[in-house]
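With the working numbering, letter number 4 in the sequence shown gets 188, and the count goes up by one each step, no holes.
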Amino acid sequence: MDFLGLNQSFLPVKTLRCINVQWNRRYYEAGDFQLQLRAGDWSADIAYLYTRERPETGMVQKVETEHTVKGDFVLVSGYFLEGMFNWKVVYPRRQGTGNLSAQCRTLAAAYMTDVGVTVPSAAVLGGDVTFDLLGTAFGNATYGMLKLQELSQRIRLDYETGTLRYEVWQGVNRTRSGGGAQYAAFCQGFGNVDTLTLTQDDSDYRNYAVAVYQSGTLTVDIRTDAAEPIRALYVSTGLSIADGQTQADFLASVRTAAQTELAKHVRVVNIDADVLQNHLFYLTDYDLGDCCDVRDDRLKLAFEARIIEVNEVWKENRHQVSLQFGNKIPISYHS
């Protein structure tokens, strides 16, 4: 993959010749990167890393020099542009009710314009949300709400104009039950997975929240089976009803805060896969955010799962892609 170093004004400085590259893409948080190159191939004027082959743009945040018997090297790392989300804190208090993607664009317009991010109009995605935020990092707040509806957000660099655009987006449904986009399934039996690791852990799982606000409490029960034992979580929201806010909207915002916290304490079913570019091809047949079928042929388990992480490594002229899947929904296993 070709990388172009850009200066603070998003103007090209030089094309980079990298020795090793780690490009870690994330769906529910900001991704990051790390490049190794010879010192002579680097320029101190480079502030951003751009490639036409990926939607992310890297921010150069850490530069380390290294002298070895093999020569002088530079190790460059940082977050993608989405790392700027957590530069901002929600203050003063912000409240909203309505479509989630529209509400996130409104928040982005309020907090991200000073770093050059524009918020163009776009079709709405997802359902409605009611929120009440104060003192929370912008990225944590918006990613948390978006995760509840399996949506994400990003900042795209328009290289031709040097402008940054905010957008809410969602991956493609490529499951068999989706019946729409091209079907994508990962398992060793299909010859497109080298290694697949399945980890199941419910030690931190919580299904019930006691959400405390300044004048009372609200309980949120997300159990689908009333016979399931309650595994409770105490959530101190610190919220109080604001002037002009209805009681119904206020309680809905408390509920959203509780659900966002409960989403951090789910039953963990981690599926990590080192995939082969065989039958299914990265960026053509699947991409970050896509919902696919995943099978563990050893345990006879099958899931519909969204690709929430893509970790790419280029080393010694080899490109390795590793996937992590989230939001797993068990489905019937068919041999």
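All residues carry an ideal CB built from backbone N, CA and C; glycine is no exception.
- Counting along the chain, the unbroken alpha helix (DSSP H) around A441 starts and ends at Q431 to L446.
- By the C-beta density criterion, I414 is exposed, having fewer than 16 other C-beta atoms within 10 angstroms.
- Secondary structure note for L332: its alpha helix (DSSP H) is the uninterrupted segment F322 to L332.
- Per DSSP, Q279 is not a residue of any alpha helix (DSSP H); the beta strand (DSSP E) it occupies stretches across R278 to N283.
- Looking at the DSSP output, Q366 sits in no beta bridge, so it has no partner there.
- In its chain, beyond the 5 residues on either side, A214 and M243 have a beta carbon closer than 7 Å to the beta carbon of G267.
- Between N376 and L467, the beta carbon gap of about 14 Å keeps them out of contact (Cβ cut-off 8 Å).
- Q337: member of the beta strand (DSSP E) spanning S336 to D342, first to last residue.
- Judged by DSSP secondary structure, Y275 falls outside any beta strand (DSSP E); it is assigned neither H nor E.
- When C-alpha distances from A411 are compared across L330, N462, N391 and A231, the shortest belongs to N391.
- Taking one beta carbon from each stretch, the segment 287-303 and the segment 347-363 have 3 or more pairs nearer than 8 Å; the two touch.
- Beta-bridge pairing by DSSP links N204 to Q220 and K499.
- Residue environment for G323: buried (at least 16 other C-beta atoms within 10 angstroms of its C-beta).
- T314 is not a Cβ neighbour of T403, given a cutoff of 7 Å.
- Relative to the Cα of L317, the nearest Cα in the group G300, K272, T297 and Y232 belongs to K272.
- E266 sits in a helix when the DSSP states are folded into three classes.
- DSSP lists A393 as the bridge partner or partners of L417.
- Between Y397 and V438, the C-beta gap is smaller than 7 Å, which places the two residues in contact.
- Each residue's CA atom was taken as its position, placing G362 and D405 some 29 Å apart.
- When rounded, the separation of the alpha-carbon atoms in G473 and A457 is 15 Å.
- For T383, the CB contacts under 6 Å within the same chain, skipping 5 residues up- and downstream, are N454 in chain order.
- DSSP places D477 in the uninterrupted beta strand (DSSP E) bounded by C475 to D480.
- Residue pairing from DSSP places T249 in a beta bridge opposite V258.
- Per DSSP, the continuous beta strand (DSSP E) segment holding E351 begins and ends at T347 to W353.
- The beta-bridge partner set that DSSP reports for Q508 consists of D456 and E493.
- The C-beta of G428 has fewer than 16 other C-beta atoms within 10 Å across all chains shown, which makes the residue exposed.
- In this structure Y211 touches R490 by the C-beta definition: roughly 7 Å separates them, less than 8 Å.
- In the displayed model, G422 falls within coil according to three-state DSSP, outside both helix and strand.
- Assigned with DSSP and collapsed to three states, R289 falls in helix.
- In the DSSP assignment, G375 forms no beta bridge with any residue.
- In the same chain as W226, and ignoring 5 residues on each side of it, the C-beta atoms closer than 6 Å to its own belong to V258, in chain order.
- Your pair T326 and F264 does not check out as a contact, with CB atoms roughly 15 Å apart and the cut at 8 Å.
- Boundaries of the beta strand (DSSP E) around V313: D312 to L317.
- It is roughly 19 Å from the alpha-carbon of R360 to the alpha-carbon of L507.
- Its Cα nearest to that of D312, the residue L335 stands out among L335, P196 and S424.
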